[in-house]
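Asks: Please find one structure pasted underneath; my questions will follow.
In my numbering, the protein residues as written are 98 to 188.
Here you go:
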């Protein structure tokens with residue numbers, strides 16, 4: 098909070114290090130992927146940390162996450178040498 102210089106920690110359902118995060122184009126969700134133990138891909142409410150959407154995990158550690166500029170696609174990478182791309186909705 099920039100007004101009172103306080104810091105809030107937002108818990109998530111990840112079970113390990115969060116490797117990459119990115120806000121969606123509209124700023125309403127925070128896309129995240131974890132590095133160790135679960136490689137889960139979640140879209141989170143940025144205030145509460147509640148999961149709004151969940152995507153198939155990778156076989157090995159998660160790498161990076163990217164949401165396209167208009168919010169139509171989600172791409173993730175992993176140590177299993179895969180790239181996954183999801184269509185999130187129309188442009």
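Ideal placement from N, C-alpha and C gives every residue a C-beta, glycine not left out.
From what residue to what residue does the beta strand (DSSP E) around residue 141 run?
Replies: 138-141 is the extent of the beta strand (DSSP E) around residue 141.
Asks: Under the three-state reduction of DSSP, which class applies to residue 154: helix, strand or coil?
Replies: Three-state result, residue 154: coil.
Asks: Is it buried or exposed, residue 124, if we count other Cβ atoms within 10 angstroms and call 16 or more buried?
Replies: Residue 124 should be labelled exposed.
Asks: Looking only at C-alpha atoms, which of 137, 126, 184 sits nearest to residue 115?
Replies: The option with the nearest alpha carbon to residue 115 is 137.
Asks: Do you know offhand how far residue 107's Cα is from residue 127's?
Replies: Looking at the two C-alpha atoms, the distance is approximately 12 angstroms.
Asks: Would you report the Cα separation of residue 179 and residue 105, rounded to the nearest angstrom?
Replies: In a straight line, the C-alpha of residue 179 is about 34 angstroms away from that of residue 105.
Asks: I'd like to know whether the C-beta atoms of residue 164 and residue 119 end up nearer to each other than 7 angstroms.
Replies: Yes, these two residues count as a Cβ contact at 7 angstroms.
Asks: According to DSSP, what are the bridge partners of residue 120?
Replies: Per DSSP, 127.
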